[in-house]
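Step one of this worksheet: look at the structure below.
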Amino acid sequence: MKWGKRILAVWLAAALALAGCSAAADKSSSSLSNESGAAADLNLTVKDKMEATQTSQQSEAKGSSNAAPASQPTAQSGAGSQDSGVGEQQGAGFSGMGTDQEGLNRKLVYKANLTMKVKSYAEAQAEIRNLVTLSGGYILQFSENSTSREEGGNFVLKIPSAGFSTFLKELEKIPNEAIQRNVQAQDFSEEYVDLEAQLKAKQVVEARYLEFMQKATRTDELVQYTNELAKIQEAIEKMKGRMRYIDQNVAFSTVEIRLYQPGSSLDISKSDSVFGRSRDAMLSSLGFLVGFGQGLLVFIAGFIPIAAVGLVIGVPLWIGYRRNREKRIARAEEYTRNMQAYRGSLPPKNDPFPTVEPEEDEDSPDKTT
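So for the sequence shown, the working numbering puts the first residue at 920; every next one is plus one.
Spelled out as structure tokens, the structure:
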């Protein structure tokens, strides 16, 4: 019995020892698995960090103005993710993008259309010109029309965008009977951001081609680089021109104004009488005579140079013609005299048909006895 108890105790001790060894093995295997998982997580974090860095470099090379501010906070948060984890990295990235959107410089072009019915067109026009001068703007286009029904004009103005709202408020203070206003804006922000990104990318390519040209050793390579560089520089200049155009339109807003005064020129009642109509007819006749005299003077003034040239050329020709004509007449007269003298010197010829004179009648009453 004692030996049996001892053997049972030995078996229990061996079982407990085996159980302790298996627990230690499990602990070691779990620790090894934890260490391997931590190593994998560490490798994943480093890989993510490298990918974020490469993405940031590519974004900077492309020159994207809206992606670069977002990638920089992401890369910075990735560098500190060994202590804070992936969740903090993503949160930092979104916060950086939100800050970039809030600080985006908007490119808005404002345009206003106003139609004003005023009491005095002359005073309103002078007031508008004064407001344009005070605001620092300028008149881009102006046209004026006056009929029997109304007198008015059209303005196209360029006003600095900083004083655009103030200028519109001052326009409303001009004495008027009715006013219509329409204000609209056009957003060029997206196009401007794209142009900036494309410009930066083109400038990077331009710098690379300049380096290639400096390192080129063959003529064909140099010619190829020169042609490609010319195309890139042309594209860069087009982008810069478009950006300057947008900046100028953003800096100055456009204001179109139609100003009119109805019935301002209907002052015909004073000329309804007979005296008024007679006076108008006389003034019309005088105006016609004055216009005819002016036209005649203009014609004479224009004809004088032609007449002077004609005299210089025509007078010598006329004198030469007269002299030649006199000479021809003198030669003809001399020839006639010579022919008459020649005929007189010839003997008379027998006339085959003699002229018979009629006999006188003795019984004629005209004959005197």
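Note that the Cβ used here is the ideal one computed from N, Cα and C, for glycine as well.
| For L1087 versus L1033, is the C-beta spacing smaller than 9 Å? | Cβ distance < 9 Å, so L1087 and L1033 count as in contact.
* Which first and last residues belong to the alpha helix (DSSP H) in which G1071 is found? -> Careful: G1071 lies outside any alpha helix (DSSP H), inside the beta strand (DSSP E) at E1069 to P1079.
### Message
Considering only DSSP beta bridges, list what K1088 is partnered with.
### Response
Answer is none; K1088 lacks a bridge partner.
Outcome for S1183 when other beta-carbon atoms lying within 10 angstroms are tallied against a minimum of 16:
With a pLDDT of only 46 at S1183, under the threshold of 50, the placement of this residue in the model should not be trusted, and no figure is reported.
Check your understanding: How would you call S1056, buried or exposed, if buried means at least 16 neighbouring beta carbons within 10 angstroms?
Key -> According to the sequence provided, residue 1056 is Gly. The question's Ser does not apply to it. Label assigned to G1056: buried.
Check your understanding: If you check the beta carbons only, do G1072 and F1061 fall under 9 Å apart?
Key -> Using a Cβ distance threshold of 9 Å, G1072 and F1061 count as a contacting pair.
| When the Cβ atoms of the segment 1175 to 1182 are set against those of the segment 1039 to 1052, are three or more pairs found closer than 8 Å? | Judged by Cβ distances under 8 Å, the segment 1175 to 1182 makes contact with the segment 1039 to 1052, as three or more pairs qualify.
Can you look up I1093 in the DSSP assignment and give me helix, strand or coil? DSSP places I1093 in coil when its eight states are reduced to three.
Whole angstroms is fine: what's the gap from K1036's alpha carbon to T1173's? In this structure, the CA atom of K1036 is about 20 Å from the CA atom of T1173.
Assign R1163 to one of three DSSP states: helix, strand, or coil. Helix.
Proximity to A1170 [Cα-Cα], best of A1081, L1050 and A1200:
Here the closest residue by C-alpha is A1081.
- Message: Check whether the segment 1088 to 1101 and the segment 1154 to 1161 are in contact - that is, three or more C-beta pairs closer than 8 Å.
- Response: At 8 Å Cβ cutoff, the stretches do not touch.
Requested in this report: In angstroms with no decimal places, state the Cα-to-Cα distance between A1249 and L1205.
Outcome: About 58 Å.
Starting from the Cα of V1075, find the closest Cα among A1031, A1116 and A1097 and give me that residue. Closest option to V1075, judged by alpha-carbon separation, among A1031, A1116 and A1097: A1031.
(message) Taking the straight line between their C-alpha atoms, what separation do you get for R1242 and L1208?
(response) Each residue's alpha carbon lies about 46 Å from the other.
How about Y1029 and Q1143: are their beta carbons less than 9 Å apart? No, they are not a contact pair.
The segment 1120 to 1128 touching the segment 1138 to 1152, judged by at least three CB pairs closer than 8 Å: They touch, by the three-pair rule.
- Task: Pull up the DSSP beta-bridge partners for T1034, would you.
- Result: Looking at the DSSP assignment, T1034 forms a beta bridge with Q1099 and R1177.
*Are the Cβ atoms of I1165 and F1107 separated by less than 9 Å?*
For I1165 and F1107, yes; Cβs fall inside 9 Å.
Next on the checklist: On the DSSP letters alone, give me the boundaries of the beta strand (DSSP E) that F1107 sits inside.
Outcome noted: From DSSP, F1107 is part of no beta strand (DSSP E); its letter is neither H nor E.
May I ask you to report which of helix, strand or coil DSSP gives S1172?
The answer is strand: DSSP assigns S1172 an E or B state.
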